[in-house]
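Residue numbers (our numbering): -13 to 271. Glycine residues also receive a C-beta, built at the ideal position from the N, C-alpha and C atoms. All remarks here apply to the structure that follows.
This is the structure in structure tokens:
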């Protein structure tokens, strides 16, 4: 999936509002597990077969997350399930389960990895994905610093401002610094990156052969978490189909617009809704 060249494109997606969180100036992104779960749901809605790897299930909240993923159509057979762990204890996840799941992994379009799993299992998962040629999406969160030395194994890195700061030592406070952070991830070897900025939208970076941007129509509504998740999921889905970043970004922006203003429990927009938004702009070219 990685496209290598010396040219890079950074696409900014500017949103209208981010609710009370934006007003407070602190987007307050959830942990990587919750983010990755929503991304997996969005990707499944776009027709991607997702292998979702996380330690969710260690408590009642995690169990609820697993049930919600299953209800939304995400394969959760090999998500970690365990009895409630004692405070401070280490989650138990072995490589054996991953090895047993190799047939399922090989048939998936994408592996969504949450760095809440043990470091050695994270490494093994990346090696398994690479062996089968399955692209890897990693949803980072603060405290996941061991991702930094494994960036070259990631096809898409998704992070909020806080996680981006921790991994790059660059605070993406404006367009210039956001591009610097995205560029840092590319130089470290990531195939593509998406950095969320709350009310300021998102910045996407990817190494490409041609640099161009085709603006997508804008739909009124909040550019909140649903739009952010759809942006990253649609971008990732398009890139796994080897579409160039300008086209993938256009598709992702339309996906974000389709999700804007939707209630939290709404079904994510599918390919048909996204292409309906894109149709007017294509006809006007």
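Quiz item: Taking Cβ to Cβ, would you say residue 127 is nearer than 7 Å to residue 133?
Solution: no
Quiz prompt | Residues near residue 237 in its chain [Cβ-Cβ closer than 6 Å; skip 5 each side] | solution = Excluding positions up to five away in sequence, the list reads 220, 224.
Quiz item: When you compare only the Cα positions, how much space is there between residue 255 and residue 100?
Solution: 23 Å
Quiz item: So what does DSSP say about residue 99, is it helix, strand or coil?
Solution: strand
Quiz item: What distance in whole Å lies between the Cβ atoms of residue 181 and residue 145, which are believed to be in contact at a cut-off of 8 Å?
Solution: 6 Å
Quiz prompt | Three-way DSSP call (helix, strand, coil) for residue 40 in this model | solution = coil
Quiz item: To the nearest whole angstrom, what separates the beta carbons of residue 112 and residue 139, a pair I think is in contact under 8 Å?
Solution: 4 Å
Practice problem: Report yes if the C-beta distance between residue 94 and residue 37 is below 7 Å; otherwise report no. | Solution: In this structure, residue 94 lies near residue 37, with their beta-carbon atoms less than 7 Å apart.
Quiz item: Taking C-alpha atoms, which residue in 39, 260, 152, 227 lies nearest to residue 108?
Solution: 39
Quiz item: Apart from the five residues just before and just after residue 24, which ones in its own chain have a Cβ nearer than 6 Å to its Cβ?
Solution: 215
Exercise. Can you grab the Cα-Cα spacing for the pair residue 98 / residue 58, in whole Å?
Key: Distance between the alpha carbons of residue 98 and residue 58: 15 Å.
Exercise. Would you mind working out which of 165, 192, 110, 211 sits nearest residue 249, comparing C-alpha positions?
Key: 211
Quiz item: Based on Cα-Cα distance, which residue from 88, 135, 104, 105 lies nearest to residue 116?
Solution: 88
Quiz item: Closest to residue 141 by CA distance: which of 172, 162, 152 is it?
Solution: 172
Quiz item: Grouping DSSP H, G and I as helix and E and B as strand, with all else coil, what is residue 163?
Solution: helix
Quiz item: With a Cβ-Cβ cutoff of 7 Å, do residue 190 and residue 235 count as a contact?
Solution: yes
Self-check item: Euclidean distance between Cα positions of residue 56 and residue 257
Solution: 21 Å
Quiz item: For the beta strand (DSSP E) that contains residue 179, what are its first and last residues?
Solution: 178 to 182
Quiz prompt | Straight-line gap, residue 242 to residue 156 (C-alpha atoms, nearest Å) | solution = 26 Å
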